[in-house]
Amino acid sequence: ETGVTQTPRHLVMGMTNKKSLKCEQHLGHNAMYWYKQSAKKPLELMFVYSLEERVENNSVPSRFSPECPNSSHLFLHLHTLQPEDSALYLCASSQDIGQPQHFGDGTRLSIL
Amino acid sequence: GIQVEQSPPDLILQEGANSTLRCNFSDSVNNLQWFHQNPWGQLINLFYIPSGTKQNGRLSATTVATERYSLLYISSSQTTDSGVYFCAVPPGWLDSSYKLIFGSGTRLLVRP
């Protein structure tokens with residue numbers, strides 16, 4: 001039990017589909033993050049939320065849309081994705097910005 | 001931007017052996033984390049160690065901030081230690097410390 005739960009663990013979708021990734025943290029943390037890990041590339045920070053406010057958007061294409069309805073939940077809404085978006089998407093949380101980050105198990109996404 | 005280099009890129013050990021993984025960074029930082037990603041993609045936070053030495057079981061880490069490097073020691077390695085070890089630092093002393101820049105990792109295989 002990592003304290004950060006991501007669902008689904010695996011997702012296969014077509015380029016025209018719309019799906020959402022979910023992240024829930026049970027640690028009472030105030031900050032949450034989305035990362036993308038592609039094959040043979042370092043982890044890339046996508047979005048950061050602190051107390052439900054977005055504080056970082058690292059030039060991520062608009063086909064990725066985050067949502068943070070409360071400090072325990074973070075979503076990543078996906079639509080019209082491209083094959084190069086196939087990757088492991090990791091969610092993390094930390095007590096506050098700058099504190100150690102704890103990661104979920106990730107969602108492995110495959111775009112057909 | 002800050003550069004993070006990890007060495008060696010690949011390491012094969014016999015079970016029971018000890019090893020040292022290194023992380024060099026090109027600028028002063030106020031935050032450094034070590035992570036282990038197991039073969040299933042789970043990313044586990046090992047240490048939050050901006051300076052000094054910490055120990056957790058068979059693992060220990062030392063960061064010498066003034067010389068811009070950190071070391072991760074694995075003693076009496078076990079097959080479950082296999083995976084990729086990442087170090088991550090913020091982009092710079094004056095930059096927001098929530099942005100983690102990851103190294104490319106050390107891929108460790110421990111053989112029985």
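Here the protein sequences line up with chains R and F, keeping their order. Everything in the first sequence is counted per my numbering, starting at 1 for the first residue and increasing by one. Everything in the second sequence is counted per my numbering, starting at 1 for the first residue and increasing by one. Virtual Cβ for every residue (Gly too), placed ideally from N, Cα, C. Remember, predicted model here, so these are calculated numbers, not experimental data.
Within the segment 61-94 of chain F, the complete beta strand (DSSP E) segments of 3 residues or longer fall at 69-74, 83-89, listed in chain order.
Counting along the chain, THR16/R sits inside no beta strand (DSSP E), nor does DSSP assign it H or E at all. Assigned with DSSP and collapsed to three states, ASP10/F falls in strand. Going by DSSP, ASN70/R is part of the beta strand (DSSP E) stretching over 64-70. The criterion of a C-beta distance shorter than 8 Å is not satisfied by GLN6/F and GLY83/F. Taking all protein chains in view, the Cβ of MET15/R is surrounded by fewer than 16 other Cβ atoms within 10 Å, so the residue is classified as exposed.
Separation of GLU84/R and ALA17/F (C-alpha to C-alpha, rounded to the nearest whole angstrom) is 39 Å. For GLY103/F, the chain R residues whose Cβ falls inside 9 Å of its Cβ are PRO42, in order along the chain.
Counting C-beta atoms within 10 angstroms of its own C-beta, HIS102/R has 16 or more neighbours from the protein chains shown and is therefore classed as buried.
At least one CB atom of chain R sits nearer than 8 Å to the CB of GLY41/F. Contact residues of the segment 67-81 of chain F toward chain R are absent (C-beta to C-beta distance below 9 Å). Within chain F, the residues whose beta carbon sits less than 7 Å from that of LEU45/R are LYS99, LEU100, listed in sequence order.
Distance from the Cα of LYS41/R is smallest, within the candidate group PRO112/F, GLY105/F, LEU109/F, for GLY105/F.
In the DSSP assignment, ILE2/F falls outside any beta strand (DSSP E) and carries neither an H nor an E. Collapsing the DSSP output to three states places GLU24/R in a strand.
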